[in-house]
Amino acid sequence: MTTLNPLEEFICDSCGGIIEKKEDGYVVWDLIENSSQKGKKESLQGNFRIQHRECQQILDYSSSLTEFMGIEGTRQFLDFLDEGEIFKHGLASEISSIRELVVLHRRTHLPYYDQARHYFEKAKKDIEYWEDMDSDNLYSEDILRQIIEKYGV
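So for the sequence shown, the working numbering puts the first residue at 847; every next one is plus one.
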């Protein structure tokens with residue numbers, strides 16, 4: 847298995863191909879209609895994914911992948927959760943899944959995560975190998991690289 851160049855190459859969630867340059871990728875999401883507990887309809891942002899520019903559909907909400915990386919990317923992720931104390935509105939937007947947003951953040955900020963995540967199910971089945979692992983290090987660069995090398999055959 848060829849290891850991708852971390853934080854430069856990504857796996858497209860639509861076609862499964864490699865996005866060879868981060869400048870050719872987009873972060874895409876949907877507005878999902880939801881009924882709130884108070885009975886009124888609201889739109890949640892969710893189904894976050896990384897795609898080639900050509901795999902993106904017209905109706906998708908999107909932003910350049912590079913806007914979700916580095917310091918600017920961290921700001922983008924935080925804005926999805928809370929627009930900050932300057933504004934009185936509270937939350938900037940509602941998201942359908944915090945886990946989904948965290949996974950997207952890991953994909954754009956942790957070296958090797960984007961490729962290693964495709965092997966997490968295989969790794970979970972091999973619990974003896976991982977049982978002594980310190981949970982604080984599960985997403986370290988070394989562990990993610992090991993997952994790719996061990997399960998990406």
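Beta carbons are placed, not taken as given, at the ideal position from N, Cα and C, and that holds for glycine.
Quick one: residues in its chain with C-beta nearer than 8 Å to the C-beta of residue i, no 5 flanking neighbours on either side, listed in chain order?
| i | result |
| --- | --- |
| T941 | The question names Thr, but residue 941 in the sequence shown is Ile. These residues qualify, in order along the chain: L890, Q891, G892, F926, L927, L947. |
| F923 | F914, L947, L950, H951 |
| K968 | Y997 |
| S909 | Y872, V873, Q922 |
Starting from residue i, trace the beta strand (DSSP E) both ways and give me its first and last residue.
| i | result |
| --- | --- |
| I917 | Here I917 belongs to no beta strand (DSSP E); instead the alpha helix (DSSP H) covers 916-927. |
| Y907 | 907-910 |
If you compare alpha carbons, which of the options is closest to residue i?
| i | options | result |
| --- | --- | --- |
| D870 | L877, Q897, I993 | Q897 |
| L911 | I973, L950, K887 | L950 |
| L877 | K867, Y985, E888 | E888 |
| K868 | G862, L853, N880, E879 | L853 |
Taking residue i as part of the alpha helix (DSSP H), name the residues at either end of that continuous run.
| i | result |
| --- | --- |
| R895 | Here R895 belongs to no alpha helix (DSSP H); instead the beta strand (DSSP E) covers 887-898. |
| I904 | Careful: I904 lies outside any alpha helix (DSSP H) and carries neither H nor E. |
| H955 | 944-955 |
| Y959 | 959-962 |
| K867 | That residue, K867, is in no alpha helix (DSSP H); it is neither H nor E in DSSP. |
| D988 | 987-997 |
How should residue i be labelled, buried or exposed, when 16 other C-beta atoms within 10 angstroms of its C-beta is the threshold for buried?
| i | result |
| --- | --- |
| T848 | exposed |
| R945 | exposed |
| V874 | buried |
| I993 | buried |
| G919 | buried |
For residue i, which residues from the same chain have a beta carbon less than 7 Å from its beta carbon, with the 5 sequence-adjacent residues on both sides left out?
| i | result |
| --- | --- |
| R895 | D859, V874 |
| I864 | L850, E855, I857 |
| R899 | D870, Y872 |
| W976 | A969 |
What residues in its chain sit with their C-beta under 6 Å from that of residue i, if we drop five residues either side in the sequence?
| i | result |
| --- | --- |
| R952 | Y959 |
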